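Worksheet: one structure, shown below.
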Amino acid sequence: MQVDRSRFLEEGYLIVPKVVPPSRLAAVRASYERLVDKQRGIWAAQRQPNDPPGGAWETSAQPRLGLSRPPLVHELDAEAAPAIEAWLGENAHGVSSQLLDTPDAAATDMMLMCNPVRDHGPAAWHRDLHPIDTAPLQGYIDDIAENGPRYIQWNIPLYDDNVLWVIPGSHLRRNTEAENRAMGANPRLPVPGWVPTNLKAGDGVVYILPILHWGSNYSPIKRRTIHGGFSDFVLYPDLGYTRFLSPEAQAAFARWEARSRDKQRHTEAALRAVIAGNGPAYLTALDQLHPGRGEKGQLLSTVFFSKLVQVIRVRKHPEVDDIPQDLRHRLGGSHPITLNWGPEFADRFTPAEADTLWARFKPLDRLLRAEKEMFIPGYQSGPMIYHFDEMPANYTVADFIAGWANE
44 MQVDRSRFLE EGYLIVPKVV PPSRLAAVRA SYERLVDKQR GIWAAQRQPN
94 DPPGGAWETS AQPRLGLSRP PLVHELDAEA APAIEAWLGE NAHGVSSQLL
144 DTPDAAATDM MLMCNPVRDH GPAAWHRDLH PIDTAPLQGY IDDIAENGPR
194 YIQWNIPLYD DNVLWVIPGS HLRRNTEAEN RAMGANPRLP VPGWVPTNLK
244 AGDGVVYILP ILHWGSNYSP IKRRTIHGGF SDFVLYPDLG YTRFLSPEAQ
294 AAFARWEARS RDKQRHTEAA LRAVIAGNGP AYLTALDQLH PGRGEKGQLL
344 STVFFSKLVQ VIRVRKHPEV DDIPQDLRHR LGGSHPITLN WGPEFADRFT
394 PAEADTLWAR FKPLDRLLRA EKEMFIPGYQ SGPMIYHFDE MPANYTVADF
444 IAGWANE
């Protein structure tokens with residue numbers, strides 16, 4: 044399928060028909076329903092003393108399965124194959140590769156969103172962005188405008204679904220005053236410029252984060268919507284289930300896993316160049332990590348590295364007490380699309396190297412912080428001391444490298 048990439052880049056979303064072909068819909072539904080049953084068993088076993096018998100299945104506004112993360116990933120078997128291979132169809136994988144302008148986009152987190160047991164009503168308008176552990180919005184905007192997105196996200200309903208609404212073009216700008224007023228007054232009501240996606244079973248909507256979007260109504264009406272994305276940056280904690288997949292699917296995951304190891308090596312090379320104070324080697328590693336990425340993209344990667352260095356720092360010096368608690372909490376997991384390869388990645392570095400890295404990234408971290416705690420509606424972060432929108436003024440990767448001489 045050929046898609047209009049220019050329109051996608053301008054509006055930030057695209058409706059794609061028959062992502063799950065009609066001939067496969069029944070099999071994919073059945074496969075996911077078996078996974079729902081497995082996950083419900085997990086939630087029941089994990090429930091707290093005051094929880095209802097079903098645990099999260101009964102309390103969550105949006106029960107969500109994570110196929111590619113523990114513990115469900117360890118439960119995947121041959122019956123899960125149709126659910127997993129739905130990600131590899133031409134109208135999912137092929138379209139994603141076109142939109143990302145990459146030969147072979149990789150599936151990231153594979154999830155399923157379900158309806159709640161009782162009515163929870165609308166969610167809050169938001170961007171899938173928490174700048175405290177990633178980067179300010181303007182960094183994303185500049186990179187997308189210069190290079191195109193690094194990651195795209197999908198909703199693919201297995202039953203008709205009118206839950207998701209989006210604001211076209213909001214991925215390339217900050218909130219308007221009208222949006223801030225509306226979300227500040229009540230983030231769970233329609234916002235000016237909204238468009239409902241109104242998806243039919245098997246169709247999909249693919250969108251560029253950080254587009255403003257809304258879960259308009261989490262009701263008990265049956266919902267089974269495939270959710271996740273594609274990127275060149277992935278991290279798979281367990282690929283044991285791939286033995287149940289077709290040879291073509293096994294080969295795809297093997298390629299993506301090999302690429303992930305390469306990306307992690309390039310990330311390590313970039314940080315070792317910082318430790319060595321070798322600017323040219325740092326730029327080379329950035330280009331190997333993201334071939335052809337422009338100056339704005341390299342700066343965004345550098346901001347991402349500043350957060351990864353905090354991960355390394357906490358791993359090597361758990362006693363540090365100058366990291367905001369919300370940031371410290373978020374640093375505990377992995378987020379490969381923003382170059383956070385998880386706490387285990389920190390074991391490639393010594394405590395002394397962690398200190399050198401922090402000394403060289405600390406000036407950038409200081410520029411990313413506001414003078415006092417602030418808040419802007421429409422984000423996944425509450426009040427924080429890091430800037431929501433603004434990147435450091437007139438700051439470049441060359442400035443970052445030049446700053447090493449002053450450290």
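Start counting the sequence shown at 44; every next residue gets the next number (this note's numbering).
The C-beta atom is built at its ideal place from N, Cα and C for all residues, glycine as well.
None of the values given here were measured: they were computed from a predicted structure.
Out of Glu-122, Ala-389, Gly-340, which one is the CA nearest neighbour of Ala-178?
Nearest of Glu-122, Ala-389, Gly-340 to Ala-178, Cα basis: Gly-340.
Assign Ala-88 to one of two classes, buried (16 or more other C-beta atoms within 10 Å of its C-beta) or exposed (fewer than that).
Exposed.
Exposed or buried, what is Lys-306 when buried is set at 16 or more other beta-carbons lying within 10 Å of its beta-carbon?
So Lys-306 ends up on the buried side.
CB-CB under 8 Å to Leu-274, same chain, minus the five flanking residues each way: which ones, in chain order?
Looking at the sequence shown, residue 274 is not Leu but Ser. Closer than 8 Å at the Cβ level, and outside the excluded window around Ser-274, lie Leu-143, Ala-148, Ala-149, Thr-151, Arg-193, Tyr-194, Ile-195, Pro-379, Ile-380.
May I ask you to list the residues that DSSP assigns as paired with Ala-389?
Answer is none; Ala-389 lacks a bridge partner.
On the DSSP bridge assignment, give the partners of Asn-198 in chain order.
Partner(s): Val-248, His-270.
Are the beta-carbon atoms belonging to Pro-420 and Met-226 less than 9 Å from one another?
A contact, by the Cβ cut-off of 9 Å.
Please identify the residue among Ile-428, Val-71, Ile-85, Pro-200 whose C-alpha is closest to the C-alpha of Lys-415.
Considering only alpha carbons, the answer is Ile-428.
Counting Cβ pairs, one atom from each stretch, are 3 or more of them under 8 Å apart for the stretch 64-77 and the stretch 88-98?
No: the two stretches stay apart, fewer than three of their Cβ pairs being nearer than 8 Å.
When the distance is taken between beta carbons, is Glu-53 closer than 9 Å to Leu-215?
For Leu-215 and Glu-53, yes; Cβs fall inside 9 Å.
When you compare the CB positions of Leu-400 and Leu-314, do they come within less than 9 Å of one another, or not?
Yes, these two residues count as a Cβ contact at 9 Å.
Can you give me the start and stop residues for the alpha helix (DSSP H) that Val-357 sits inside?
Val-357 -> alpha helix (DSSP H) spans 338-359.
What ranges does the alpha helix (DSSP H) occupy inside the stretch 77-130, keeping only unbroken runs of at least 4 residues that lie completely in it?
As far as the stretch 77-130 is concerned, its whole alpha helix (DSSP H) runs of at least 4 residues are 99-102, 124-128.
Can you tell me which residues form a DSSP beta bridge with Tyr-56?
For Tyr-56, which the question treats as bridged, DSSP gives the partners Tyr-250.
What does the Cβ neighbour count give for Val-238, buried or exposed, with the cut at 16 atoms within 10 Å?
Val-238 comes out exposed.
Can you check whether the CB of Leu-78 is closer than 9 Å to the CB of Leu-108?
Cβ atoms of Leu-108 and Leu-78: closer than 9 Å.
Can you give me the Cβ contacts of Ala-295 inside the same chain, cut-off strictly under 7 Å, excluding the 5 residues immediately before and after it?
Here the set comprises Leu-131.
Would you report the Cα separation of Trp-208 and Gly-137, rounded to the nearest angstrom?
Approximately 24 Å between the Cα atoms of the pair.
In angstroms, rounded to a whole number, what distance separates the CA positions of Ser-262 and Val-206?
Each residue's alpha carbon lies about 9 Å from the other.
Which residue marks the beginning of the beta strand (DSSP E) containing Tyr-429, and which one marks its end?
First-last of the beta strand (DSSP E) with Tyr-429: 427-429.
Grab the span of the beta strand (DSSP E) containing Gly-258 for me, first residue to last.
Looking at the DSSP string, the run of the beta strand (DSSP E) that includes Gly-258 is 256-258.
Span of the alpha helix (DSSP H) holding Leu-288?
That residue, Leu-288, is in no alpha helix (DSSP H); it is neither H nor E in DSSP.
My output table needs one value for Thr-219: the three-state DSSP class, helix, strand or coil.
Here Thr-219 sits in coil by DSSP.
Between the C-alpha atoms of Asp-442 and Tyr-56, what's the straight-line distance to the nearest angstrom?
Distance between the alpha carbons of Asp-442 and Tyr-56: 35 Å.
Roughly how many angstroms separate the alpha carbons of Asp-330 and Leu-351, rounded to a whole number?
The straight-line gap from Cα to Cα measures roughly 18 Å.
Let me know if Gly-335 comes out buried or exposed under the rule of 16 or more other beta-carbons within 10 Å of its beta-carbon.
Under this definition Gly-335 is an exposed residue.
Please classify Ser-259: is it buried, with 16 or more other beta-carbons within 10 angstroms of its beta-carbon, or exposed?
When all chains shown are included, Ser-259 counts as buried.
Nearest to Pro-114 by CA position, among Ile-318, Tyr-284, Leu-332, is which residue?
Nearest of Ile-318, Tyr-284, Leu-332 to Pro-114, Cα basis: Tyr-284.
Within the same chain, show all residues whose beta-carbon is closer than 8 Å to that of Arg-373, passing over the 5 residues directly before and after it, in chain order.
Contacts found: His-173, Ile-175, Asp-176.
Could you compute how far the alpha carbon of Gly-84 sits from the alpha carbon of Asp-162?
In a straight line, the C-alpha of Gly-84 is about 22 Å away from that of Asp-162.
Exposed or buried, which one is Glu-133 when buried takes at least 16 other CB atoms within 10 Å?
Classification for Glu-133: exposed.
Answer yes or no: do Ser-349 and Leu-411 have a C-beta to C-beta separation smaller than 9 Å?
Taking 9 Å as the Cβ cut-off, Ser-349 and Leu-411 qualify as a contacting pair.
I want to see whether chain D comes within less than 9 Å of Val-209, judged by CB atoms only; does it?
Going by chain labels, chain D is absent from the structure shown, which holds only one protein chain.
Across which residues does DSSP place Pro-239 in a beta bridge pair?
According to DSSP, Pro-239 bridges with Trp-208.
Could you name the residues of the same chain whose beta carbon sits closer than 6 Å to that of Ala-292, not counting the 5 residues immediately before and after it, in chain order?
These residues qualify, in order along the chain: Glu-128, Leu-131.
For Asn-437, is the classification buried or exposed, using 16 other Cβ atoms within 10 angstroms of its Cβ as the cut-off for buried?
Exposed is the call here.
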